[in-house]
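Accompanying notes for the structure given below.
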Amino acid sequence: MPLRKKYDYRIADIRVGRIVIGALVAVIQLVAYQVLQQYNMARMDSVDSWDVALSLDAALPLVPEFAFIYFLYIPGLIVPALLDMPFTLYLRYALSLVLSVLIACVCFAFVPLKIIHDTFVCADWSCSALVMLRSLDAGVNILPSLHASQTLLAAIVMVTASRVHGVRTFWWAWGLFLYLPIIASTLLTKQHYVIDIVAGFLVGVITWKLALLFVGDEHVVDEEPEVDAA
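The opening residue of the sequence shown carries number 373 in the numbering used here; numbering runs sequentially from there.
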């Protein structure tokens, strides 16, 4: 049978394996990110933070409502994991996410950067998500942007599943209506600089290529016709 059916996510063992792998990836990212955030927060007063802000960063407005979109980052990463695609493609996606976290953590540790937020007064619900965002993310783990690298990886998986394996993903719709606004939200909430986004895209491309070294390409193959014994 075709490989995309052989590795159908509805097969019990494959489904459980994907859930376990996905949970492990989430735990690795959460723990690593929080450890580096605490480390960077503790040392920021004693080290000189690099200035990577561009004139474009200053020109972009603060749009508090985009914080709601910023939080769609996690659901956006989960969507590709639900596709009926080959298990090896899922493994490559999971591995590339882990590699992006590892590369990002090295950068977080050795490149001291911090977003300086202007004080603002939240008067209604429209900015409540931004208040929550800033309480959760201190803006010290910013280059490269994991939002940029990992949403790019999610989009690549959906394109690959659609074009190579014939999976109906509507990747163009997700890319236009989910992933692009998520990227925009990182700038319009002032949680990242433009250079962070560029670096994030670069990390996404690199980790996707690196993951291929460990998890090779798997192509759909046609069923061999049955030969009549008679």
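Just so it is clear, CB atoms sit at the ideal spot from N, CA and C, and this is done for glycine as well.
Burial state of residue 581 is exposed, judged by a 10 Å Cβ sphere holding fewer than 16 other Cβ atoms. In the three-state DSSP reduction, residue 521 falls in the helix class (H, G or I). Straight-line measurement puts the Cα of residue 529 at about 38 Å from the Cα of residue 492. A straight line joining the alpha-carbon of residue 543 with that of residue 440 spans about 22 Å.
Scanning the stretch 432-505 for uninterrupted alpha helix (DSSP H) segments of 4 residues or longer gives 438-442, 445-453 and 459-482, listed from N- to C-terminal end. Non-local beta-carbon contacts of residue 550 in its own chain, meaning distances under 7 Å to residues more than five positions away in sequence, involve 444 and 448 in chain order. Shortest Cα-Cα distance from residue 430 to any of 575, 399 and 488 involves 488.
If you compare the alpha carbons of 409, 514 and 470 with that of residue 561, the shortest gap goes to 514. Beta-carbon to beta-carbon, residue 466 and residue 397 are separated by about 5 Å, close enough to satisfy the 8 Å threshold.
Within the same chain, 483, 484 and 485 come within 8 Å of residue 422 by CB-CB distance, once the 5 residues on both sides are set aside.
The C-beta separation of residue 559 from residue 432 comes to about 5 Å, placing the pair in contact by the 8 Å criterion. In this structure, the alpha-carbon of residue 541 lies about 48 Å from that of residue 418.
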